[in-house]
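Asks:
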Amino acid sequence: MIARRPTSWHQWLIIALALFLTTLLLVIPLALIFSKVIEGGWSLLVQNLQEDYMLHAIGLTLFVAVLTVPINMIFGILLAWCVTHYDFRGKRLLTTIVDIPFAVSPVVAGLCYLVVYGVESSFGQWLSAHNLQLMFAWPGILMVTIFVTVPYVARVLIPLMQAQGSDEEAAALCLGASGFQIFRHVTLPNIKWGLLYGVVLTNARAVGEFGAVSVVSGTIMNQTLTLSLLVDQLNNDYKTAAAFTAAALLAAIAMITVLLKNIMEWRMRVSQAKAAEEAGAVFNKRNA
Amino acid sequence: MATKTLRFFNETPVIPGFSLSFGFSTFYLSLIILLPISALWLYVSDMSWAQYWQAISDRRVVQSYWVTASGAFYSTVAATFVGFVLAWVITRYEFPGRRLIDALVDLPFALPTSVAGLTLATLFVPGGWLGQWFAGDGFIGQWFGPEGLKISYAYPGIVLAMTFTSLPFVVRIVQPVMEDLGAEYEEAAQTLGANKWQIFWRVILPSLIPATVTGASQAFIRSLGEFGAVIMIAGNIPFKTEVTSLMIFVRLQEFNYPAAAAIASVILLASLVLLFLLQLAQSHLLGWQRNKK
Chain A
263 MIARRPTSWH QWLIIALALF LTTLLLVIPL ALIFSKVIEG GWSLLVQNLQ EDYMLHAIGL
323 TLFVAVLTVP INMIFGILLA WCVTHYDFRG KRLLTTIVDI PFAVSPVVAG LCYLVVYGVE
383 SSFGQWLSAH NLQLMFAWPG ILMVTIFVTV PYVARVLIPL MQAQGSDEEA AALCLGASGF
443 QIFRHVTLPN IKWGLLYGVV LTNARAVGEF GAVSVVSGTI MNQTLTLSLL VDQLNNDYKT
503 AAAFTAAALL AAIAMITVLL KNIMEWRMRV SQAKAAEEAG AVFNKRNA
Chain B
3 MATKTLRFFN ETPVIPGFSL SFGFSTFYLS LIILLPISAL WLYVSDMSWA QYWQAISDRR
63 VVQSYWVTAS GAFYSTVAAT FVGFVLAWVI TRYEFPGRRL IDALVDLPFA LPTSVAGLTL
123 ATLFVPGGWL GQWFAGDGFI GQWFGPEGLK ISYAYPGIVL AMTFTSLPFV VRIVQPVMED
183 LGAEYEEAAQ TLGANKWQIF WRVILPSLIP ATVTGASQAF IRSLGEFGAV IMIAGNIPFK
243 TEVTSLMIFV RLQEFNYPAA AAIASVILLA SLVLLFLLQL AQSHLLGWQR NKK
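Residue numbers (the numbering used here), protein chains in the order written: chain A, 263 to 550; chain B, 3 to 295.
Right, here's the structure in full:
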């Protein structure tokens with residue numbers, strides 16, 4: 263379906279409705295966040311940004327995201343490789359299990375981790391006897407963040423690799439390439455934009471996760487507060503200006519995410535169209 | 003080794019890397035997803051039945067089920083409507099601002115839920131940018147009596163927050179199906195003398211139903227579990243605007259871990275059942291559509 267210019271008045275009416283809804287639900291909230299920061303003035307912004315708790319929250323948030331993204335990226339690639347290149351029993355079960363974090367409420371996810379690794383369980387007691395505190399500390403935050411972001415890379419890569427099929431990989435195998443060489447020189451160039459797309463999604467969710475993290479964080483100032491928890495904490499303490507400073511930082515990251523996501527989508531479409539064109543050219547040559 | 007009667011592989015693997023990718027994936031999924039979820043069931047199974055029943059049938063908790071389920075229902079209706087309109091406009095018309103709408107639809111996904119909640123709450127308080135319309139003397143609020151319509155820190159705020167966070171799911175699921183909808187069906191209907199409404203109701207809408215149902219179910223599941231955005235705007239008044247996720251949190255703060263786990267098991271069961279139903283419905287609906295074609 264190719265978009266065309268609207269011709270009749272009721273087409274313009276529905277466009278006006280869409281523009282109104284977008285403004286109301288998406289543009290105005292974004293404008294509010296930044297206007298609250300501008301309202302406070304430049305010096306207040308700088309001052310809020312230099313607070314210890316703010317710097318610490320920024321550091322913790324980035325730290326968690328930097329660890330989560332590569333771990334889930336490697337898993338996503340391996341799972342997508344596994345379910346798209348082989349046909350075995352239980353394949354559907356694997357793809358259903360990977361979807362579970364989408365359906366599970368983040369608070370429930372956090373609680374599940376608390377039950378395994380917290381002092382309530384014998385394993386948690388063993389951990390604390392050995393001075394390993396996972397819950398109410400950064401490892402717990404990292405673990406639940408990994409849980410909520412498990413599906414993203416795999417979910418993007420599976421349909422992409424399915425569409426591309428295994429023919430090119432099989433050809434490389436015939437030419438004597440090893441498994442890793444096939445991945446590095448054949449698969450990776452084909453999926454790189456999809457992979458980056460998945461990474462952008464994973465990163466966005468890792469930076470912004472709130473529910474699961476709030477259960478295992480224990481909300482200790484300067485220790486276990488990520489940026490999105492800090493927004494809530496400052497708001498509860500009636501430090502609205504500071505809360506909106508943290509919110510604006512997160513909103514800026516969100517806008518960059520949206521921008522990157524759109525670029526990746528466009529690149530994916532371009533590379534797919536190119537692949538289709540090349541396939542068409544080969545086909546035409548063969549039939550000439 | 004695979005036996006002849008029950009084979010593991012439906013097709014002998016050719017590409018190398020099966021044991022690495024399969025082994026790591028299953029290990030990772032077991033460790034990250036299955037272990038914690040089974041641990042919750044084990045933990046709950048330690049409780050006596052009476053204890054469990056008391057935890058999940060507490061009056062305040064039961065009320066929170068209603069708030070959550072009804073809020074998720076209304077917000078799914080709203081998000082499906084708004085999402086359908088946005089997807090429709092993005093895919094079918096060329097107009098200034100189209101790309102911007104397309105890009106902004108992802109914002110609720112990218113924006114952390116606590117930021118979304120704080121922002122919506124600030125917008126819709128009676129003196130806020132949008133809340134002033136809904137106040138007792140506002141042009142919408144005056145229809146709701148002298149108090150106006152309270153949105154922030156009240157039930158409508160919950161619906162609003164859930165709608166906001168689940169909007170991208172509807173758009174991004176319906177949009178690609180709309181894009182693939184060829185013009186030939188519409189043109190064929192037109193040559194057969196169908197008018198615009200008939201084309202929409204009889205030709206376009208039926209082919210969009212599976213995607214819309216999927217999008218709406220995703221939005222519903224998402225809304226049931228929504229926490230950050232909702233607690234920032236709901237006001238969290240016991241018996242009135244507490245969602246079930248919050249009840250888990252409240253029990254945890256009372257150090258009543260078993261009760262928290264019991265409530266969590268109810269939500270977990272509901273969301274897993276919904277997920278499997280959705281998977282079933284998806285294959286059923288898609289099969290239905292394929293047969294039609």
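Idealized CB from N, CA, C, for every residue including glycine.
Could you compute how far the alpha carbon of A:Y375 sits from the alpha carbon of A:I336?
Replies: As a first step, residue 375 of chain A must be located in the first sequence, where it is residue number 113. As a first step, residue 336 of chain A must be located in the first sequence, where it is residue number 74. Roughly 22 Å separates the two Cα atoms.
Asks: For B:R62, which three-state DSSP category applies?
Replies: Position 60 of the second sequence, counted from the start, is the residue given in the question as residue 62 of chain B. Correct three-state label for B:R62: helix.
Asks: Would you say A:V366 reaches chain B, if we count a Cβ-Cβ gap shorter than 7 Å as a contact?
Replies: Position 104 of the first sequence holds residue 366 of chain A. Yes, contact with chain B.
Asks: Helix, strand or coil for B:E13? Go by DSSP, reduced to three states.
Replies: For this step, residue 13 of chain B is matched to residue 11 along the second sequence. Of the three classes helix, strand and coil, the one that applies to B:E13 here is strand, per DSSP.
Asks: Which residues of the region 480–494 of chain A have a Cβ closer than 8 Å to any Cβ of chain B? Give them in chain order.
Replies: L489, S490, L491, V493 and D494
Asks: Quick one: list the residues of chain A neighbouring B:L37, beta-carbon separation under 8 Å, in chain order.
Replies: What you label residue 37 of chain B is simply residue 35 of the second sequence in a count that begins at 1. Within chain A, the residues near B:L37 are V378.
Asks: Could you compute how far the alpha carbon of B:R100 sits from the alpha carbon of B:L44?
Replies: In the second sequence, counting from the first residue as 1, residue 100 of chain B sits at position 98. In the second sequence, counting from the first residue as 1, residue 44 of chain B sits at position 42. A straight-line Cα-Cα distance of about 51 Å links B:R100 and B:L44.
Asks: Based on DSSP bridge pairs, tell me the residues matched to A:F350.
Replies: Translated into the one-based positions of the first sequence, residue 350 of chain A becomes position 88. DSSP output for A:F350 lists B:F11 as bridge partner(s).
Asks: In terms of residues, what are the limits of the alpha helix (DSSP H) holding A:N498?
Replies: Position 236 of the first sequence, counted from the first residue, corresponds to residue 498 of chain A. Start and end: L489 to N498.
Asks: Could you tell me which chain A residues have their CB closer than 9 Å to the CB of B:V16, listed as they occur along the chain?
Replies: Reading the second sequence from its first residue, position 14 is the one you call residue 16 of chain B. Here the neighbours are H347, Y348, S428, E431, A432 and L435.
Asks: In the DSSP assignment, the alpha helix (DSSP H) including A:V360 goes from what residue to what residue?
Replies: Residue numbering aside, residue 360 of chain A sits at position 98 when the first sequence is read from its first letter. For A:V360, no alpha helix (DSSP H) run applies, since DSSP gives it neither H nor E.
Asks: If you draw a straight line from the C-alpha of A:I333 to the C-alpha of B:E186, how long is it?
Replies: Locating residue 333 of chain A in the first sequence gives position 71, counting from the first residue. Locating residue 186 of chain B in the second sequence gives position 184, counting from the first residue. Going from the Cα of A:I333 to the Cα of B:E186 covers about 46 Å.
Asks: Name the chain A residues whose beta carbon is nearer than 7 Å to that of B:G99?
Replies: For this step, residue 99 of chain B is matched to residue 97 along the second sequence. Within 7 Å Cβ-Cβ: L281.
Asks: Is it buried or exposed, B:E309, if we count other Cβ atoms within 10 angstroms and call 16 or more buried?
Replies: Nothing about residue 309 of chain B can be read from this structure; chain B reaches only from 3 to 295.
Asks: Can the beta-carbon of A:F472 be found less than 7 Å from the beta-carbon of A:S490?
Replies: Taking the first sequence and counting its residues from 1, one reaches residue 472 of chain A at position 210. Taking the first sequence and counting its residues from 1, one reaches residue 490 of chain A at position 228. Result yes, Cβ atoms of A:F472 and A:S490 sit closer than 7 Å.
Asks: Can you tell me whether A:M335 is helix, strand or coil according to DSSP?
Replies: Locating residue 335 of chain A in the first sequence gives position 73, where the first residue counts as 1. In the structure shown, A:M335 sits in a helix (DSSP, three-state: H, G or I).
Asks: Can you tell me which of the three DSSP states B:Y95 falls into?
Replies: To locate residue 95 of chain B, count along the second sequence from 1; it is residue 93. It is a strand residue.
Asks: Taking A:P291 as the reference, which of B:L36, B:I206 and B:T124 has the closest Cα?
Replies: For the purposes of this step, residue 291 of chain A is taken as the residue at position 29 of the first sequence. Considering only alpha carbons, the answer is B:T124.
Asks: Going by C-alpha to C-alpha distance, which of A:N497, A:R267 and A:L322 sits closest to B:E96?
Replies: Stepping through the second sequence from its first residue, residue 96 of chain B is reached at position 94. The residue with the shortest Cα to Cα distance from B:E96 is A:R267.
Asks: Does B:G19 come within less than 7 Å of chain A when only Cβ atoms are used?
Replies: Translated into the one-based positions of the second sequence, residue 19 of chain B becomes position 17. Interface residue, yes.
Asks: Between B:Y45 and chain A, is there a C-beta pair that is closer than 7 Å?
Replies: Stepping through the second sequence from its first residue, residue 45 of chain B is reached at position 43. Cβ-Cβ to chain A under 7 Å: yes for B:Y45.
Asks: Could you tell me which chain B residues have their CB closer than 8 Å to the CB of A:F398, listed as they occur along the chain?
Replies: On the first sequence, position 136 is the one that residue 398 of chain A refers to. Those do not exist, as A:F398 stays about 11 Å from chain B at its closest Cβ, beyond 8 Å.
Asks: Any idea if B:T5 is buried or exposed, counting beta-carbon neighbours within 10 angstroms, 16 or more meaning buried?
Replies: Translated into the one-based positions of the second sequence, residue 5 of chain B becomes position 3. Note on B:T5: pLDDT 48, under 50, position unreliable in the model; no value is reported.
Asks: Tell me the rounded alpha-carbon separation between B:S285 and B:G217.
Replies: Position 283 of the second sequence, counted from the first residue, corresponds to residue 285 of chain B. Position 215 of the second sequence, counted from the first residue, corresponds to residue 217 of chain B. Rounded to whole angstroms, B:S285 to B:G217 spans 14 Å at the Cα level.
Asks: Could you have a look at A:R266 and say whether DSSP puts it in helix, strand or coil?
Replies: Walking along the first sequence from the start, residue 266 of chain A turns up at place 4. Residue state, collapsed to three classes: strand.
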